[in-house]
Amino acid sequence: MNDDGTVVCETDDDTATAYTAGPGLTLSGTQFAVSFAGTGTADTAARSDHTQAWSSLTGVPAGFADGTDDTGTSYTAGTGITISDTTISANQTTVEGWARGVCYDTTAELRGVLDPVYAAATHSHAWSTITSMPVGFSDGVDNDTTYSAGTGLALTGTTFSVATGGVTSAMIADGTVGSADINTGQVQVRVAGSCAAGNAIRAVNVDGTVACEATTAGARPVLAYSETGATTYLTTTCANYSGGQVSITVPAAGSIVVEANARMILNHVSGTEDELVLGIGTTTTDCGTPYDSVRWDIPSGWPTASSIYQTFTVRRRFAVSAGTYTYYLNGYMASGYAASTDLFWYANMTATFIPN
Numbered sequence: 002m003n004d005d006g007t008v009v010c011e012t013d014d015d016t017a018t019a020y021t022a023g024p025g026l027t028l029s030g031t032q033f034a035v036s037f038a039g040t041g042t043a044d045t046a047a048r049s050d051h052t053q054a055w056s057s058l059t060g061v062p063a064g065f066a067d068g069t070d071d072t073g074t075s076y077t078a079g080t081g082i083t084i085s086d087t088t089i090s091a092n093q094t095t096v097e098g099w100a101r102g103v104c105y106d107t108t109a110e111l112r113g114v115l116d117p118v119y120a121a122a123t124h125s126h127a128w129s130t131i132t133s134m135p136v137g138f139s140d141g142v143d144n145d146t147t148y149s150a151g152t153g154l155a156l157t158g159t160t161f162s163v164a165t166g167g168v169t170s171a172m173i174a175d176g177t178v179g180s181a182d183i184n185t186g187q188v189q190v191r192v193a194g195s196c197a198a199g200n201a202i203r204a205v206n207v208d209g210t211v212a213c214e215a216t217t218a219g220a221r222p223v224l225a226y227s228e229t230g231a232t233t234y235l236t237t238t239c240a241n242y243s244g245g246q247v248s249i250t251v252p253a254a255g256s257i258v259v260e261a262n263a264r265m266i267l268n269h270v271s272g273t274e275d276e277l278v279l280g281i282g283t284t285t286t287d288c289g290t291p292y293d294s295v296r297w298d299i300p301s302g303w304p305t306a307s308s309i310y311q312t313f314t315v316r317r318r319f320a321v322s323a324g325t326y327t328y329y330l331n332g333y334m335a336s337g338y339a340a341s342t343d344l345f346w347y348a349n350m351t352a353t354f355i356p357n
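The working numbering puts the sequence shown at residues 2 to 357.
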């Protein structure tokens with residue numbers, strides 16, 4: 002017989018041995034079987050659907066024998082707590098009451114608490130009610146440091162400024178005023194420029210630079226002279242008297258005054274006006290300007306005449322720099338022209354240089 006109720010069989014060769022069923026077994030003929038019962042003692046085996054009555058249990062622990070589990074931790078509801086069965090929750094009525102005890106529902110309620118402690122926005126304290134006032138203020142007099150305007154300063158209200166004319170030369174440290182600090186329209190800054198050899202300072206600019214020009218130091222007047230006796234007939238256009246020219250070389254800037262003395266032969270026909278123009282120019286077709294040319298005329302009412310001799314002096318000034326120059330004695334008939342009748346006969350020219 003195994004522990005699980007199964008049996009091991011073998012050939013019964015002992016026909017003389019007799020068997021009986023013990024507790025929990027049944028014997029039917031020669032077959033043993035487990036004895037099952039719905040209830041009973043341990044002498045029988047329980048079925049798979051067997052139930053055991055609480056009252057039939059033995060060895061039940063203390064506290065369970067009465068069938069009630071009341072030996073664990075138990076709870077009671079304190080202030081503000083509600084316990085319902087196994088649920089613990091806050092008591093809303095109690096909590097709201099607490100909140101209302103520390104909060105204010107209206108402005109008037111809050112002000113009723115604050116006003117006795119805090120001052121209103123419009124409140125002002127009397128000076129005499131202030132405590133712990135710093136030393137120097139308790140007498141109500143502001144006797145802090147005061148100021149007055151010293152030399153060179155002006156004080157208006159609480160504003161200091163430099164007085165008109167307040168800064169004198171004695172207040173300015175020597176060597177501290179530079180070109181950036183002066184009015185170049187009133188004060189000439191230090192001359193910083195120079196001129197090349199053969200030149201001199203002509204002018205000093207406000208910023209100290211210089212304007213240069215060629216120097217005439219040592220330059221003296223120069224005289225040039227020429228003369229001619231050629232015969233040259235006049236036409237209606239400005240032309241040069243053959244040989245009537247003078248050249249001059251000058252060492253520096255200055256002026257050249259050219260003077261010509263010309264002897265002319267003119268012819269006149271009554272009823273015709275004759276007008277002669279003489280001038281000194283820089284070319285052979287330059288008869289000068291109205292300021293320096295010579296104009297001489299024979300009225301038409303004069304009687305006819307031939308070989309009228311006249312001598313004229315012509316003068317003109319030219320501004321020059323160092324160099325060589327040539328000037329020409331020129332002339333023409335502005336009216337009364339007749340071919341091969343009016344002419345240059347003699348002339349001399351003088352060029353005089355005057356340095357600046």
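Even for Gly, the Cβ is constructed at its ideal location relative to N, Cα and C.
Spatial distance of residue i from residue j (CA atoms)
i	j	result
ARG296	PHE345	15 Å
THR238	ALA352	25 Å
GLU97	GLY79	16 Å
PHE354	ARG221	8 Å
GLU260	THR284	15 Å
THR18	LEU28	15 Å
TYR338	ALA240	14 Å
GLN32	VAL9	12 Å
ILE249	GLY176	54 Å
ASP287	ASP182	56 Å
SER129	ALA171	53 Å
ALA66	GLY25	30 Å
PHE319	ASN262	18 Å
GLN293	MET350	The identity of residue 293 in the sequence shown is Asp, whereas the question assumes Gln. Their backbone Cα atoms lie some 15 Å apart in a straight line.
SER57	THR88	35 Å
VAL205	GLU214	12 Å
THR123	VAL142	26 Å
THR290	THR314	15 Å
GLY166	ASP140	42 Å
GLY60	ASP4	25 Å
MET134	GLN93	52 Å
VAL35	THR69	37 Å
TYR20	GLY30	10 Å
GLY158	ASP145	16 Å
LEU111	ILE131	27 Å
PRO62	THR7	35 Å
THR52	ASP86	31 Å
Beta-carbon proximity check, residue i vs residue j, cutoff 9 Å
i	j	result
ARG264	THR312	yes
VAL321	GLY280	no
GLY153	VAL168	yes
LEU330	GLY245	yes
VAL211	CYS196	yes
SER271	PRO304	yes
GLU274	SER307	no
ASN357	ALA253	yes
GLY258	ARG316	A small fix is needed here, since residue 258 is Val in this sequence, not Gly. Cβ atoms of VAL258 and ARG316: closer than 9 Å.
ILE82	SER75	no
THR77	ILE84	yes
TYR234	ASP343	yes
ALA150	PHE138	no
VAL247	THR325	no
ILE309	ILE266	yes
ALA174	ALA164	no
MET334	THR232	no
Beta bridge counterpart(s) of residue i as assigned by DSSP
i	result
ILE266	TYR310 and LEU344
VAL259	ARG317 and ALA352
ILE84	ILE89
TYR242	For TYR242, which the question treats as bridged, DSSP gives no partner whatsoever.
ILE281	LEU330
PHE161	LEU156
TYR226	THR351
LEU235	LEU235 is not bridged to any residue.
THR250	THR325
TRP297	LEU277
ALA78	Note: ALA78 sits in no beta bridge, so no partner.
ALA34	THR27
SER336	GLU276
Contact with chain C by residue i, beta-carbon distance below 9 Å
i	result
THR233	Looking for chain C here will not work: only one protein chain is present.
Nearest-angstrom Cβ-Cβ length linking residue i and residue j, presumed shorter than 8 Å
i	j	result
LEU277	GLY332	7 Å
VAL188	GLY209	Wrong, their Cβ atoms sit about 11 Å apart, outside the cutoff.
GLU228	ALA348	7 Å
**Message:** Quick check on the DSSP output: what are the complete beta strand (DSSP E) runs of length 3 or more inside the segment 189 to 216, in order along the chain?
**Reply:** 200 to 205 and 211 to 215
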